[in-house]
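Take the sequence shown: its position 177, counting from 1, is numbered 908 in the working numbering, and each next residue is one higher.
Data block below; observations after.
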Amino acid sequence: MQERTRRKADRAACIAIAEAAQALLVALVSRAAEEARRSGGARILPWHIGQAVQSAEFRSSPLFTRTTDRAADGTSGRTVKEARRAARAARLDGHVKVNPFRSLVRRTARAHGNVALTAPLVVALSALVLEAINQVADTAGEAAAKSDATTVTADHVRTAVTDLLAGDLQARALAAIDAALVADAAGE
(Lines of atoms letter the chains of each structure in order from A and count residues from 1; the text may use other names and numbers.)
(Lines give C-alpha, C1' and ligand atoms only; values in the text may rest on other atoms or scores of the structure.)
Protein backbone atom coordinates (compact mmCIF):
# COMPACT_ATOMS: atom_id res chain seq x y z
CA MET A 1 0.00 0.00 0.00
CA GLN A 2 2.80 2.40 0.86
CA GLU A 3 4.50 1.76 -2.47
CA ARG A 4 1.31 2.51 -4.40
CA THR A 5 0.16 5.59 -2.48
CA ARG A 6 3.40 7.04 -1.09
CA ARG A 7 1.49 7.39 2.18
CA LYS A 8 1.36 5.34 5.34
CA ALA A 9 -1.60 3.05 5.77
CA ASP A 10 -3.13 2.21 9.11
CA ARG A 11 -4.12 -1.31 10.09
CA ALA A 12 -7.80 -0.72 9.39
CA ALA A 13 -7.04 0.37 5.82
CA CYS A 14 -5.09 -2.82 5.15
CA ILE A 15 -7.90 -4.93 6.57
CA ALA A 16 -10.43 -3.00 4.47
CA ILE A 17 -8.48 -3.54 1.24
CA ALA A 18 -8.07 -7.25 1.96
CA GLU A 19 -11.79 -7.64 2.62
CA ALA A 20 -12.74 -5.73 -0.51
CA ALA A 21 -10.50 -7.97 -2.63
CA GLN A 22 -11.89 -11.08 -0.93
CA ALA A 23 -15.49 -9.95 -1.54
CA LEU A 24 -14.71 -9.29 -5.19
CA LEU A 25 -13.07 -12.69 -5.59
CA VAL A 26 -15.96 -14.47 -3.87
CA ALA A 27 -18.50 -12.79 -6.16
CA LEU A 28 -16.48 -13.60 -9.28
CA VAL A 29 -15.85 -17.24 -8.34
CA SER A 30 -19.47 -17.77 -7.32
CA ARG A 31 -20.74 -16.36 -10.61
CA ALA A 32 -18.21 -18.42 -12.60
CA ALA A 33 -19.19 -21.55 -10.65
CA GLU A 34 -22.82 -20.94 -11.59
CA GLU A 35 -21.76 -20.68 -15.24
CA ALA A 36 -19.73 -23.89 -14.94
CA ARG A 37 -22.64 -25.78 -13.39
CA ARG A 38 -25.01 -24.46 -16.06
CA SER A 39 -22.73 -25.86 -18.76
CA GLY A 40 -22.29 -29.13 -16.86
CA GLY A 41 -18.59 -28.69 -16.12
CA ALA A 42 -16.68 -29.81 -13.06
CA ARG A 43 -14.05 -27.11 -13.44
CA ILE A 44 -14.18 -23.37 -13.85
CA LEU A 45 -12.66 -22.54 -17.21
CA PRO A 46 -11.55 -19.16 -18.56
CA TRP A 47 -14.75 -19.03 -20.58
CA HIS A 48 -16.79 -19.19 -17.35
CA ILE A 49 -14.83 -16.29 -15.86
CA GLY A 50 -15.42 -14.33 -19.07
CA GLN A 51 -19.14 -15.01 -18.83
CA ALA A 52 -19.15 -13.94 -15.18
CA VAL A 53 -17.37 -10.67 -15.96
CA GLN A 54 -19.82 -10.00 -18.80
CA SER A 55 -22.77 -10.18 -16.40
CA ALA A 56 -24.49 -6.90 -15.55
CA GLU A 57 -23.23 -7.12 -11.97
CA PHE A 58 -19.61 -6.77 -13.04
CA ARG A 59 -19.98 -4.73 -16.22
CA SER A 60 -21.52 -1.83 -14.31
CA SER A 61 -18.46 -1.49 -12.05
CA PRO A 62 -15.77 1.03 -13.03
CA LEU A 63 -13.14 -1.38 -11.66
CA PHE A 64 -13.70 -3.77 -14.54
CA THR A 65 -13.96 -0.95 -17.09
CA ARG A 66 -10.58 0.43 -16.01
CA THR A 67 -8.97 -3.02 -16.04
CA THR A 68 -10.30 -3.69 -19.54
CA ASP A 69 -9.18 -0.27 -20.79
CA ARG A 70 -5.66 -0.76 -19.43
CA ALA A 71 -5.39 -4.20 -20.99
CA ALA A 72 -6.55 -2.78 -24.32
CA ASP A 73 -4.00 0.03 -24.11
CA GLY A 74 -1.25 -2.40 -23.25
CA THR A 75 -0.22 -0.25 -20.28
CA SER A 76 -1.06 -2.94 -17.77
CA GLY A 77 -1.95 -6.58 -17.70
CA ARG A 78 -0.21 -9.45 -19.38
CA THR A 79 -1.39 -12.53 -21.14
CA VAL A 80 -1.49 -15.71 -19.10
CA LYS A 81 1.52 -17.00 -21.05
CA GLU A 82 3.56 -13.89 -20.22
CA ALA A 83 2.48 -14.08 -16.57
CA ARG A 84 3.65 -17.69 -16.39
CA ARG A 85 6.99 -16.81 -17.98
CA ALA A 86 7.50 -13.97 -15.50
CA ALA A 87 6.52 -16.26 -12.63
CA ARG A 88 8.99 -18.91 -13.78
CA ALA A 89 11.77 -16.35 -14.11
CA ALA A 90 11.04 -15.06 -10.62
CA ARG A 91 11.06 -18.62 -9.25
CA LEU A 92 14.41 -19.26 -10.87
CA ASP A 93 15.77 -16.05 -9.35
CA GLY A 94 14.46 -17.18 -5.97
CA HIS A 95 13.52 -15.04 -3.00
CA VAL A 96 10.24 -14.00 -4.57
CA LYS A 97 6.85 -15.40 -3.71
CA VAL A 98 5.57 -15.76 -7.25
CA ASN A 99 1.86 -16.03 -6.74
CA PRO A 100 0.93 -14.62 -3.34
CA PHE A 101 -2.82 -15.04 -3.91
CA ARG A 102 -2.78 -18.64 -5.19
CA SER A 103 -3.90 -20.18 -1.92
CA LEU A 104 -6.55 -17.47 -1.44
CA VAL A 105 -7.96 -18.13 -4.90
CA ARG A 106 -8.03 -21.90 -4.37
CA ARG A 107 -9.61 -21.63 -0.90
CA THR A 108 -12.23 -19.24 -2.21
CA ALA A 109 -13.06 -21.52 -5.14
CA ARG A 110 -13.40 -24.48 -2.79
CA ALA A 111 -15.52 -22.64 -0.24
CA HIS A 112 -17.80 -20.60 -2.48
CA GLY A 113 -17.92 -22.46 -5.74
CA ASN A 114 -16.94 -26.01 -4.78
CA VAL A 115 -15.48 -26.25 -8.28
CA ALA A 116 -11.89 -27.04 -9.26
CA LEU A 117 -9.78 -24.43 -11.05
CA THR A 118 -7.19 -25.00 -13.75
CA ALA A 119 -3.65 -23.79 -13.00
CA PRO A 120 -3.66 -20.99 -15.62
CA LEU A 121 -6.97 -19.78 -14.26
CA VAL A 122 -5.52 -19.56 -10.74
CA VAL A 123 -2.76 -17.35 -12.17
CA ALA A 124 -5.30 -15.20 -14.00
CA LEU A 125 -7.54 -14.80 -10.95
CA SER A 126 -4.52 -13.97 -8.80
CA ALA A 127 -3.56 -11.28 -11.27
CA LEU A 128 -7.11 -9.94 -11.14
CA VAL A 129 -6.98 -9.78 -7.33
CA LEU A 130 -3.65 -7.97 -7.48
CA GLU A 131 -5.01 -5.50 -10.04
CA ALA A 132 -8.09 -4.89 -7.87
CA ILE A 133 -5.93 -4.29 -4.80
CA ASN A 134 -3.72 -1.90 -6.74
CA GLN A 135 -6.67 0.07 -8.08
CA VAL A 136 -8.32 0.31 -4.65
CA ALA A 137 -5.00 1.41 -3.14
CA ASP A 138 -4.48 4.04 -5.85
CA THR A 139 -8.00 5.41 -5.44
CA ALA A 140 -7.71 5.39 -1.64
CA GLY A 141 -4.40 7.26 -1.94
CA GLU A 142 -6.07 9.84 -4.17
CA ALA A 143 -8.86 10.24 -1.60
CA ALA A 144 -6.25 10.71 1.15
CA ALA A 145 -4.42 13.28 -0.97
CA LYS A 146 -7.64 15.24 -1.53
CA SER A 147 -8.22 15.42 2.22
CA ASP A 148 -4.55 16.28 2.90
CA ALA A 149 -4.17 13.20 5.11
CA THR A 150 -0.75 11.68 5.60
CA THR A 151 -2.20 8.27 6.42
CA VAL A 152 -4.63 6.22 4.37
CA THR A 153 -7.50 5.11 6.58
CA ALA A 154 -10.38 2.67 6.24
CA ASP A 155 -12.65 5.58 5.32
CA HIS A 156 -10.44 6.32 2.31
CA VAL A 157 -10.66 2.66 1.30
CA ARG A 158 -14.45 2.75 1.69
CA THR A 159 -14.51 5.80 -0.59
CA ALA A 160 -12.38 3.94 -3.13
CA VAL A 161 -14.66 0.90 -3.03
CA THR A 162 -17.67 3.17 -3.49
CA ASP A 163 -16.01 4.76 -6.53
CA LEU A 164 -14.82 1.50 -8.11
CA LEU A 165 -17.68 -0.92 -7.51
CA ALA A 166 -21.37 -0.63 -8.22
CA GLY A 167 -24.63 -2.20 -7.12
CA ASP A 168 -24.69 -5.45 -5.20
CA LEU A 169 -20.93 -5.88 -5.57
CA GLN A 170 -20.37 -2.57 -3.80
CA ALA A 171 -22.83 -3.44 -1.03
CA ARG A 172 -21.16 -6.82 -0.42
CA ALA A 173 -17.68 -5.31 -0.31
CA LEU A 174 -18.73 -2.56 2.10
CA ALA A 175 -20.52 -5.08 4.33
CA ALA A 176 -17.43 -7.30 4.38
CA ILE A 177 -15.23 -4.32 5.26
CA ASP A 178 -17.55 -3.27 8.09
CA ALA A 179 -17.73 -6.82 9.49
CA ALA A 180 -13.95 -7.23 9.39
CA LEU A 181 -13.35 -3.88 11.08
CA VAL A 182 -15.85 -4.69 13.83
CA ALA A 183 -14.22 -8.09 14.34
CA ASP A 184 -10.78 -6.48 14.47
CA ALA A 185 -11.94 -3.88 16.99
CA ALA A 186 -13.42 -6.64 19.14
CA GLY A 187 -10.09 -8.45 19.03
CA GLU A 188 -11.26 -11.56 17.17
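Backbone N, C-alpha and C define an ideal beta-carbon position, used for all residues, glycine too.
Item, Value
"Does the beta-carbon of residue 914 have 16 or more other beta-carbons within 10 angstroms, so that it is buried, or is it exposed?", "exposed"
"Look up residue 890 in the DSSP assignment and say whether it is helix, strand or coil.", "helix"
"Kindly indicate which three-state DSSP category residue 848 falls into: helix, strand or coil?", "strand"
"Roughly how many angstroms separate the alpha carbons of residue 790 and residue 881, rounded to a whole number?", "33 Å"
"Considering residue 755, what are the terminal residues of the alpha helix (DSSP H) in which it resides?", "742 to 769"
"Measure the CB-CB distance between residue 906 and residue 892 and report whether it falls below 8 Å.", "no"
"Using DSSP with H/G/I as helix, E/B as strand and the rest coil, what is residue 736?", "helix"
"Count the C-beta pairs between the stretch 865 to 876 and the stretch 840 to 854 that are closer than 8 Å, then say yes if the count reaches three, no if not.", "no"
"Put residue 899 into one of helix, strand or coil per three-state DSSP.", "helix"
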